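Contents: one structure, followed by commentary.
Residue numbers (my numbering), protein chains in the order written: chain B, 1253 to 1676; chain S, 1253 to 1676.
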């Protein structure tokens, strides 16, 4: 009855977006479902959390992205389940949407590894809500420190970041620069030297997915920015007043940022699917979900494997390539298995400093930073966002400033002084 | 004991900000208190609510504004009262702050005239939280309309704005343009002609503070944009499904925006002060609060009078001039009474259309719009905000776009599809 097959894509992250884009103007009807109305450029989230960018500068409204695509439709909804037998996706508003092809691209969320004490007290940095909450929390904490008793000031000015991967490293560097650039001039009540930023990593080096030399470079650069980097530091408990490490070390702090793990989104956890030990859906070499014809899984929620059998990392490049590959599968333009082409990885540490690796090459310092700039501007969605973000970066570079420093909440009864407390 | 007198300014709106700026480098110690950490450029709030500007573009962080002012300090706090006998200001955290001179500049808030039914159901447009809530509500309502039954679509696509002053007129025009520019291209599920924007004004013309010709021009221009302007329309009740007018007319709507009144902030209501019938603090011709030496009141919360005895309007120019005047009073640079110089008023209606009056002159259309542009860029606080806002406006002008269209809430558990409902 249906003239063209319907492709339902669950999630408009890097994988889902690329898949929908590649299906534009193809003889299929595409329904892209996300619980946000925007595509989020997650690699720059830490810049929102550190007062450099505005949320809208890294969020591309999905209806705008697809405004010229007549066969791509968008639906703002939470997906609560999939009926694989009936070939329908269940939405939280009760509706069931039929699919001929289903692409599960629901991404990942912060993983607290079941530790409720951490989950309830730590701040995540995985979506825009979390980034804004973290930004507001840091700004409110600085304000509280200006009027606190000296014993409390110490605790309020200690910021503890757990996890030495790219997010932890980038946020630690950005926070150190925020403190260095803004505090001496705008918080005369505070001693800039009283600010302590502690970065805890359980392993023996930072950036474990990069080569060792780069992790060591990042550690030195962060130390240079004044960050207290602790390797081999395993968190035992987090309570209202701070963090206790295994071995007994104690960090009194009002700010715990958790970047130490991600896990596939809940929708991926369906009991009807096979999962690897990290909860990612098992797929065959063509990214088809095992045992469910017409269903594909891509990105952080899928256990796609490289030629050597290792699963691909939970970062954006494999998701983007997989999205385009699945689109080609659906339209019959490829037959062979999915082959991931690793184009390299990058992480900034601060002003004029970044690390990266591309194939056999690795680079650091200014070179890395320039490559990082070009790559991130290129991959930002939307010409206008590129312009505004370039302007912000140029401004930040020339003026040593962090412009976006207002404590703003969407609820008129929050965001006032009274809301300066730790979010619950 | 104190080397220099301490001036406490309550509120960092137009009046408080100008007062603090004028006291920069003077032989006084200034403490500026606000419950937000930014100065808000309220005349552009409607552009945040209609997806054109980002919040940070009209919010200037106060510590940044005063970063070079050694004698101006900022305190993020809610003021809960003033002890005039002890010369202290009481803060919500329990602290009492001493003053030698006190400037009450606490501004105004939305006035629902004690009508709880309206207060609980209508959306205001007086601070950044309200503007964001309104933006998110409109975006969520459009999304809901794309999947609703046709009877509900009608209600969801009806937007009712109560109050025909500048805020109501500007927001009605901006919303009409948002619908016209975005809906046909990005919401194929909706018929653009199904959008209904109703502007209700109780009096017999729009913009009652402008001359009659301009109110009539605004009415014609809004009608041209498709806005259903109803004069002499008095609201009887607001319920969950819409608005009932006196006389029985009924508007079924999911969106009620209330711009029909402002009242002085609660802190101004102290029983120890004399008030006019609108709740504004009575001041003498030098803006001193009657009966309380050392205390001044300025802006929306003060009943400052013109030469002819009429109280000044609750808009920004009198507040700004009063702020500078009081600073000069405190430093002894003026002795005479406060004289308000009316430089005119402006309101935009849409792309290339605005009304304004300056002294004996009034203007409309493109001239008004260009004057409006220059004035608003000039008065925006912060060079960088001026650049970014100019860029946004140029972009909007050339591309017919409304760029800031992401549904974002600071709380990670809101802002998802499930939060699309009417705010409570």
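Even for Gly, the Cβ is constructed at its ideal location relative to N, Cα and C. Everything numeric in this text was worked out from a predicted model, so none of it was measured.
Just to check my reading of the structure: residue i and residue j have Cβ atoms closer than 8 Å, yes? What is that Cβ distance to the nearest angstrom?
i	j	result
residue 1282/S	residue 1351/S	Residue 1282/S to residue 1351/S, Cβ: 10 Å. No contact.
residue 1290/S	residue 1312/S	6 Å
residue 1421/B	residue 1599/B	6 Å
residue 1316/S	residue 1657/B	7 Å
residue 1442/S	residue 1435/S	6 Å
residue 1508/B	residue 1375/B	7 Å
residue 1479/B	residue 1451/B	5 Å
residue 1626/S	residue 1632/S	Going by Cβ atoms, the distance from residue 1626/S to residue 1632/S rounds to 11 Å, so no, they are not a contact pair.
residue 1314/S	residue 1264/S	5 Å
residue 1324/S	residue 1269/S	Wrong, their Cβ atoms sit about 10 Å apart, outside the cutoff.
residue 1439/S	residue 1398/S	6 Å
Against chain S, with Cβ distances strictly below 8 Å, would residue i count as a contact?
i	result
residue 1356/B	no
residue 1510/B	no
residue 1298/B	no
residue 1289/B	yes
residue 1306/B	yes
residue 1603/B	no
residue 1349/B	no
residue 1636/B	yes
residue 1655/B	yes
residue 1641/B	no
State yes or no: is the beta carbon of residue i nearer than 8 Å to at least one beta carbon in chain B?
i	result
residue 1311/S	yes
residue 1332/S	no
residue 1645/S	no
residue 1258/S	no
residue 1659/S	yes
residue 1438/S	yes
residue 1315/S	yes
residue 1278/S	no
residue 1395/S	yes
residue 1442/S	no
For residue i, does the count of other Cβ atoms within 10 angstroms reach 16, so buried, or fall short, so exposed?
i	result
residue 1302/S	buried
residue 1271/S	buried
residue 1669/S	With a pLDDT of 37 at residue 1669/S, under the threshold of 50, the modelled position of that residue is not reliable, and the figure given next carries that caveat. When all chains shown are included, residue 1669/S counts as buried.
residue 1548/S	buried
residue 1650/B	exposed
residue 1403/B	exposed
residue 1635/S	exposed
residue 1566/B	buried
residue 1673/S	Low confidence applies here, because residue 1673/S scores a pLDDT of 34, under 50, leaving its location unreliable and the question unanswered by this model.
residue 1460/B	exposed
residue 1476/B	exposed
residue 1595/S	exposed
residue 1298/B	buried
residue 1471/S	buried
residue 1664/S	Because the pLDDT at residue 1664/S is just 40, under 50, the model does not fix this residue reliably, and the value given afterwards should be weighed accordingly. Per the 10 Å Cβ criterion, buried.
residue 1533/B	buried
residue 1660/B	buried
residue 1677/B	Because chain B is modelled from 1253 through 1676, residue 1677/B falls outside the range shown and cannot be assessed.
Which two residues bound the contiguous beta strand (DSSP E) that contains residue i?
i	result
residue 1406/B	Unbroken run through residue 1406/B is the alpha helix (DSSP H), 1402-1408; no beta strand (DSSP E).
residue 1283/S	1281-1286
residue 1489/B	1487-1491
residue 1328/B	1324-1328
residue 1548/S	1547-1549
residue 1290/S	1290-1292
residue 1461/S	That residue, residue 1461/S, is in no beta strand (DSSP E); it is neither H nor E in DSSP.
residue 1480/B	1479-1482
residue 1597/B	1597-1602
Taking the continuous alpha helix (DSSP H) assigned at residue i, which residues delimit it?
i	result
residue 1389/S	1380-1399
residue 1267/S	1266-1274
residue 1643/B	1635-1651
residue 1476/S	1464-1476
residue 1430/S	1418-1438
Checklist entry - So, do the segment 1325-1340 of chain B and the segment 1410-1421 of chain B have three or more beta carbon pairs nearer to each other than 8 Å? => result The segment 1325-1340 of chain B vs the segment 1410-1421 of chain B: no contact.
Next on the checklist: For the segment 1395-1409 of chain S against the segment 1446-1453 of chain S, do three or more pairs of beta-carbon atoms, one drawn from each stretch, fall closer than 8 Å, so that the two count as touching?
Outcome noted: The segment 1395-1409 of chain S and the segment 1446-1453 of chain S touch, with no fewer than 3 CB-CB distances between them shorter than 8 Å.
Checklist entry - Any chance the segment 1548-1557 of chain B sits against the segment 1348-1364 of chain B, with 3 or more Cβ pairs inside 8 Å? => result Taking 8 Å as the limit for Cβ pairs, the verdict is that the segment 1348-1364 of chain B does touch the segment 1548-1557 of chain B.
Next on the checklist: Assess contact between the segment 1582-1592 of chain S and the segment 1603-1611 of chain S, defined as three or more Cβ pairs (one per stretch) separated by less than 8 Å. Is contact present?
Outcome noted: Contact annotation: the segment 1582-1592 of chain S does not touch the segment 1603-1611 of chain S, with fewer than three C-beta pairs closer than 8 Å.
Checklist entry - Below 8 Å, can you find three or more Cβ-Cβ pairs linking the segment 1517-1525 of chain S to the segment 1291-1310 of chain S? => result Flag = no, the segment 1517-1525 of chain S and the segment 1291-1310 of chain S do not touch.
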